[in-house]
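S.K.: Numbering-wise, my numbering puts 140 at position 155 of the sequence shown, and it's gapless, one number per residue. Yeah, the Cβ is synthetic: ideal placement off N, Cα and C, and Gly gets one too. None of the values given here were measured: they were computed from a predicted structure. Sharing a structure here in structure tokens format.
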Amino acid sequence: MEITLVRGDITEQDVDAVVNAANSSLMGGGGVDGAIHRRGGPAILADCRRLRASHYGKGLATGQAVATTAGELPARWVIHTVGPVHSVTEDRADLLASCYRESLRVADELGATSVAFPAVSAGIYGWPLDSAAGIAVRTVRATPTRVSDVRFVLLRQDVYAAFERALESPGS
Ligand code: AR6
């Protein structure tokens, strides 16, 4: 698997699947979630509503992932995952790692071989950047998958720099 870092907007990525940092409702929100629904158009929300009406009546649990159409995005699918809100009193790192593992599992089910990830939980959900980047890189490297092209697409320079450090770190 090749891992690359891209500074930019995930909605512009020409990949099989883009991962969305969603919330449990699957009904959209701010940050990367808002950008994906805006650029992808109403077909994504329509699929999300169908998911809520069928297998995900209570919403998507933290750490899980599920796919929809990518609507008008260049990608074929959006894989929605729900990151944990960062907590100083509780270690939720396993849940964040699960977002990356489960997204790759769903990508394998779809037959997607190129996948773009944002820095899940590192925005509105408040996860410290170096920790978020380390968990992302370590988990993707450790997960068996047929995905051969993983791109971390980072909008902000400070987030990009944290991922550069994580990629270069011997522990990752
Ligand atoms: N492309 C790439 N990265 C982006 C983009 C973009 N277009 N827009 C933002 N980011 P966040 P979270 C970065 O807040 O912390 C939503 O309301 C951003 O700079 O999108 O998991 C959901 O509905 C940050 O580094 O996701 C949830 O309620 C990273 O994406 C909640 O936010 C993640 O930030 C999820 O919060």
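For the segment 77 to 90 against the segment 13 to 32, do three or more pairs of beta-carbon atoms, one drawn from each stretch, fall closer than 8 angstroms, so that the two count as touching?
M.R.: Verdict: no, contact absent.
S.K.: Helix, strand or coil for Asp134, going by three-state DSSP, please let me know.
M.R.: The residue you call residue 134 lines up with position 149 of the sequence shown. Residue state, collapsed to three classes: strand.
S.K.: Out of Asp93, Thr98, Val63, Leu45, point me to the one whose CA is closest to Leu80's CA.
M.R.: On the sequence shown, residue 80 is found 95 positions in, with the first residue counted as 1. Of the listed residues, the one whose Cα sits closest to Leu80 is Leu45.
S.K.: Here's a check: name, in chain order, each residue in its chain whose Cβ is nearer than 6 angstroms to the Cβ of Val105, leaving out the five neighbours to either side.
M.R.: In the sequence shown, the residue the question calls residue 105 occupies position 120. Closer than 6 angstroms at Cβ, skipping near neighbours: Ala6, Gly68, Cys84.
S.K.: Could you check whether the Cβ of Ser72 sits closer than 8 angstroms to any heavy atom belonging to the ligand AR6?
M.R.: Taking the sequence shown and counting its residues from 1, the one referred to as residue 72 is at position 87. Incorrect: Ser72 has no Cβ contact closer than 8 angstroms to the ligand AR6.
S.K.: Going by DSSP in three states, Ala55 sits in which element: helix, strand or coil?
M.R.: Taking the sequence shown and counting its residues from 1, the one referred to as residue 55 is at position 70. Coil.
S.K.: Given a cut-off of 9 angstroms, decide if Arg136 and Val100 are closer than it, judged by their beta-carbon atoms.
M.R.: As a first step, residue 100 must be located in the sequence shown, where it is residue number 115. As a first step, residue 136 must be located in the sequence shown, where it is residue number 151. In this structure, Arg136 lies closer than 9 angstroms to Val100 by Cβ.
S.K.: Going by beta carbon distance, what residues of the same chain come within less than 6 angstroms of Gly26, once the five residues before and after it are set aside?
M.R.: In the sequence shown, residue 26 corresponds to position 41, counting from 1. Only Gly56, Glu57 meet the Cβ criterion.
S.K.: Looking at the ligand AR6, does it come within less than 8 angstroms of Ser106, judged from the CB to the closest heavy atom?
M.R.: Along the sequence shown, read from residue 1 onward, the residue named residue 106 stands at position 121. Checking every heavy atom of the ligand AR6 against the Cβ of Ser106, one is found closer than 8 angstroms.
S.K.: Run through DSSP, which three-state label would Ile120 get?
M.R.: For the purposes of this step, residue 120 is identified with residue 135 of the sequence shown, where counting begins at 1. Of the three classes helix, strand and coil, the one that applies to Ile120 here is helix, per DSSP.
S.K.: Which of the three DSSP states is assigned to Glu75 in this structure?
M.R.: Locating residue 75 in the sequence shown gives position 90, where the first residue counts as 1. Note: Glu75 maps to coil in three-state DSSP.
S.K.: Give the straight-line distance between the Cα atoms of Asp115 and Ala147, rounded to the nearest whole angstrom.
M.R.: For the purposes of this step, residue 115 is taken as the residue at position 130 of the sequence shown. For the purposes of this step, residue 147 is taken as the residue at position 162 of the sequence shown. So the two alpha carbons sit approximately 5 angstroms from each other.
S.K.: For the ligand AR6, is there any heavy atom lying closer than 8 angstroms to the beta carbon of Trp62?
M.R.: Taking the first residue of the sequence shown as 1, we reach residue 62 at position 77. Incorrect: Trp62 has no Cβ contact closer than 8 angstroms to the ligand AR6.
S.K.: Taking the DSSP output, what are the residues bridged to Val(-9)?
M.R.: Translated into positions along the sequence shown, residue -9 becomes position 6. Per DSSP, Val138.
S.K.: Mapping the DSSP letters down to three states, classify Ala92 as helix, strand or coil.
M.R.: For the purposes of this step, residue 92 is taken as the residue at position 107 of the sequence shown. The answer is helix: DSSP assigns Ala92 an H, G or I state.
S.K.: Taking just the CA atoms, how far does Arg123 sit from Asn8?
M.R.: The residue given as residue 8 occupies position 23 in the sequence shown. The residue given as residue 123 occupies position 138 in the sequence shown. Rounded to the nearest angstrom, the two C-alpha atoms are 23 angstroms apart.
S.K.: Ignore the nearest five residues each way along the sequence and tell me which others in Ala97's own chain have a CB closer than 6 angstroms to its CB.
M.R.: Your numbering for residue 97 matches position 112 in the sequence shown. Hits under 6 angstroms: Asp1, Ala2.
S.K.: Is Ser39 close to chain B, meaning its C-beta is less than 9 angstroms from at least one C-beta of that chain?
M.R.: The displayed structure is made up of one protein chain only, and chain B is not part of it.
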